[in-house]
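The sequence shown begins at 2 in this note's numbering and counts up one residue at a time.
All residues carry an ideal CB built from backbone N, CA and C; glycine is no exception.
Okay, so here's the structure we're looking at.
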Amino acid sequence: MTRPSQVHDSNERQPLLHAKQKLETYVTVPDSHESEPGLDVYQELRTLLSLVYPVVMTMVLEFLPGFTGIILAGHIKSPFTQQYVDAATLSTMFMNITANSVGLGLASALDTLCSQAYGAQRLDPDVARLSQSFSRWLVLGIPFVVVYELWWRGWDLKKACAHVGLFLRLGVPGMLMITMEWSAYELLTLMAGVLPNAVVAVSAHAVQVNVNNLLYMVFAGLAVAANIRVGNCLGANSPKQARLACMVALTLSLGISLMIAVTLFTMRGNIPKLFLGDRESIEQAASVLAVWAPLELLDGQNTVLLGVFRGAGEQKVAATVNAVAYYVFGIPTAAVLGFYFVLGVEGLWLGFGFGIFISAALLYYMMLRCWSWETVADNAQKRTEE
Numbered sequence: 002m003t004r005p006s007q008v009h010d011s012n013e014r015q016p017l018l019h020a021k022q023k024l025e026t027y028v029t030v031p032d033s034h035e036s037e038p039g040l041d042v043y044q045e046l047r048t049l050l051s052l053v054y055p056v057v058m059t060m061v062l063e064f065l066p067g068f069t070g071i072i073l074a075g076h077i078k079s080p081f082t083q084q085y086v087d088a089a090t091l092s093t094m095f096m097n098i099t100a101n102s103v104g105l106g107l108a109s110a111l112d113t114l115c116s117q118a119y120g121a122q123r124l125d126p127d128v129a130r131l132s133q134s135f136s137r138w139l140v141l142g143i144p145f146v147v148v149y150e151l152w153w154r155g156w157d158l159k160k161a162c163a164h165v166g167l168f169l170r171l172g173v174p175g176m177l178m179i180t181m182e183w184s185a186y187e188l189l190t191l192m193a194g195v196l197p198n199a200v201v202a203v204s205a206h207a208v209q210v211n212v213n214n215l216l217y218m219v220f221a222g223l224a225v226a227a228n229i230r231v232g233n234c235l236g237a238n239s240p241k242q243a244r245l246a247c248m249v250a251l252t253l254s255l256g257i258s259l260m261i262a263v264t265l266f267t268m269r270g271n272i273p274k275l276f277l278g279d280r281e282s283i284e285q286a287a288s289v290l291a292v293w294a295p296l297e298l299l300d301g302q303n304t305v306l307l308g309v310f311r312g313a314g315e316q317k318v319a320a321t322v323n324a325v326a327y328y329v330f331g332i333p334t335a336a337v338l339g340f341y342f343v344l345g346v347e348g349l350w351l352g353f354g355f356g357i358f359i360s361a362a363l364l365y366y367m368m369l370r371c372w373s374w375e376t377v378a379d380n381a382q383k384r385t386e387e
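See below:
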């Protein structure tokens with residue numbers, strides 16, 4: 002998944018290579034698919050982890066202020082404490098769907114373009130070395146930037162718009178992929194608001210949303226790492242290495258999500274106390290966490306798969322899968338379980354989990370049965386030449 006307001010697309014900001022690490026550690030550029038270097042699972046795991054750590058830490062630190070604000074709202078000594086928690090959660094989700102999902106979705110085009118362009122390594126190594134020296138000398142020219150702005154004659158519109166079409170072909174599906182998923186969360190919140198005893202229901206739902214978003218930072222960081230590695234390898238014309246990076250990321254996600262699921266289930270009675278003081282709401286939230294805990298395994302797989310699809314430039318496919326999974330299966334199932342079978346908030350999240358299962362299953366099917374990694378690598382080569 003890709004949803005909280007604090008999740009930033011880290012591809013275009015985070016250095017893809019540590020300053021003291023050799024380029025070959027991350028990518029090599031074979032002349033053809035057959036001349037790929039040998040595959041090393043351990044080295045691939047190390048590379049992924051080196052990318053995951055800074056991304057996860059950045060996302061968690063950016064998410065914590067809003068998360069902490071909701072916790073503080075839940076401990077205000079007031080008869081309206083539950084309403085404060087509900088309002089804080091709803092306002093955050095409204096900002097997500099109306100602003101952040103659009104910007105982050107369009108920026109997902111860079112997930113593909115930056116990672117594949119880096120992997121292609123079409124710059125001469127001597128040029129890269131000289132550019133470092135040039136950049137240092139360029140610092141002396143910073144005071145003259147003002148003069149440049151005064152004499153600037155305007156945009157070269159033709160050059161400025163040369164690659165807008167390519168960007169939009171990737172960015173618009175990426176935007177739809179994110180907005181459709183986040184909109185499903187909004188619908189889930191609205192459905193919780195019309196359940197019997199709505200204040201308690203929305204409070205329990207709010208706890209689940211915020212806990213899930215915090216835990217999601219781990220999967221989001223792993224998805225970014227998978228996106229970078231798959232994009233790098235495809236850009237470097239190494240489809241076998243890209244496939245290995247994908248499999249290692251999915252396996253790592255499975256192990257991490259299993260640990261998270263066990264922890265979440267074990268701590269389900271204590272976690273809601275961070276947000277709420279009302280006993281009824283705490284018990285309701287604990288029940289929802291117990292229902293959701295095993296579904297963390299599906300959430301982790303789905304999130305990393307979406308990262309792989311972004312790295313491969315398949316945002317359009319992922320957006321279509323999200324639309325089908327959430328709006329044909331997930332939300333209707335949530336409504337049936339929550340209202341018809343009177344399972345309340347637990348039913349809503351079970352139905353939503355079913356949507357995630359459908360999404361992950363379809364993405365796996367597309368990747369394992371419909372993809373040719375060699376063809377995807379060839380498409381990446383064509384894309385980097387544009």
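query: For my contact list, residue 367 and residue 318 are in at a C-beta cut-off of 8 Å; report their separation, rounded to the angstrom.; result: 6 Å
query: Which residue's Cα is closest to the Cα of residue 282: 306, 295, 347?; result: 347
query: Going by other Cβ atoms of all chains shown within 10 Å of its Cβ, with 16 needed for buried, is residue 314 buried or exposed?; result: buried
query: How would you label residue 233, buried or exposed, when you count the other beta carbons within 10 angstroms and need 16 or more for buried?; result: buried
query: Under 8 Å Cβ to Cβ from residue 257, same chain only, skipping five residues before and after it: list those, please.; result: 219, 220, 223, 301
query: Shortest alpha-carbon distance to residue 259 belongs to which of 298, 40, 88, 162?; result: 298
query: Helix or strand or just coil, what does DSSP make of residue 332?; result: helix
query: If you follow the alpha helix (DSSP H) that residue 206 is in, where does it begin and where does it stop?; result: 199-236
query: Which of the three DSSP states, helix, strand or coil, is assigned to residue 163?; result: coil
query: Is the Cβ-Cβ distance between residue 143 and residue 212 less than 8 Å?; result: no
query: By a C-beta neighbour count over all protein chains shown, 10 Å radius and 16 as the cutoff for buried, is residue 206 buried or exposed?; result: buried
query: Going by DSSP in three states, residue 87 sits in which element: helix, strand or coil?; result: helix
query: Can you give me the C-alpha to C-alpha distance between residue 364 and residue 152, rounded to a whole angstrom?; result: 52 Å
query: If we count Cβ pairs, one from each stretch, closer than 8 Å, do we get three or more for the segment 53-73 versus the segment 81-95?; result: yes
query: Grab me the residues of residue 47's own chain with a C-beta within less than 8 Å of its C-beta, minus the 5 sequence neighbours each way, in chain order.; result: none
query: When the Cα of residue 67 is compared with those of 377, 90, 373, 246, which residue comes out closest?; result: 90
query: If we require 4 or more residues per run, which alpha helix (DSSP H) segments fall completely within the segment 305-371?; result: 316-325, 332-336, 345-366
query: Select from 252, 360, 307, 383 the residue whose C-alpha is nearest the C-alpha of residue 175.; result: 307
query: Taking the beta carbon of residue 158 as the centre, do at least 16 other beta carbons fall within 10 Å, making it buried, or is it exposed?; result: exposed
query: Contact check, residue 335 vs residue 189 under 8 Å by CB: the rounded distance?; result: 6 Å
query: What are the uninterrupted segments assigned as alpha helix (DSSP H) that are 4 or more residues long and contained completely in the segment 46-92, given in chain order?; result: none
query: Apart from the five residues on each side of it in sequence, which residues of its chain come closer than 8 Å, Cβ to Cβ, to residue 293?; result: 209, 213, 265, 350, 354
query: Residue 242: which of 169, 285, 378, 50 sits nearest, CA to CA?; result: 378
query: Is residue 356 near residue 331, with beta carbons less than 8 Å apart?; result: yes
query: By DSSP, does residue 271 sit in helix, in strand, or in coil?; result: coil
query: Measure the C-alpha to C-alpha separation of residue 92 and residue 309 and round it to an integer number of angstroms.; result: 31 Å
query: Taking Cβ positions, are residue 286 and residue 277 nearer each other than 8 Å?; result: yes
query: Might you give, ordered along the chain, the residues of its own chain that have their beta carbon closer than 6 Å to the beta carbon of residue 245, omitting 5 neighbours on each side?; result: 40, 45
query: Please return the same chain residues whose Cβ sits closer than 6 Å to the Cβ of residue 261, not counting the five positions on each side in sequence.; result: 216, 297
query: Closest Cβ-Cβ distance between residue 267 and chain D: below 8 Å?; result: In summary, chain D is missing from the structure at hand, where a single protein chain is found.
query: Please determine, among 164, 52, 239, the residue with the shortest C-alpha to C-alpha distance to residue 380.; result: 239
query: Three-state secondary structure (DSSP) at residue 253?; result: helix
query: Could you tell me how far apart the beta carbons of residue 360 and residue 322 are, in whole angstroms, since I believe they sit closer than 8 Å?; result: 6 Å
query: Applying the 10 Å Cβ sphere with the 16-neighbour rule, what's the burial state of residue 316?; result: buried
query: Looking only at its chain, what residues have a beta carbon closer than 6 Å to the beta carbon of residue 251, apart from the 5 residues adjacent to it on each side?; result: 305
query: In whole angstroms, what separates the C-alpha of residue 164 from that of residue 228?; result: 21 Å
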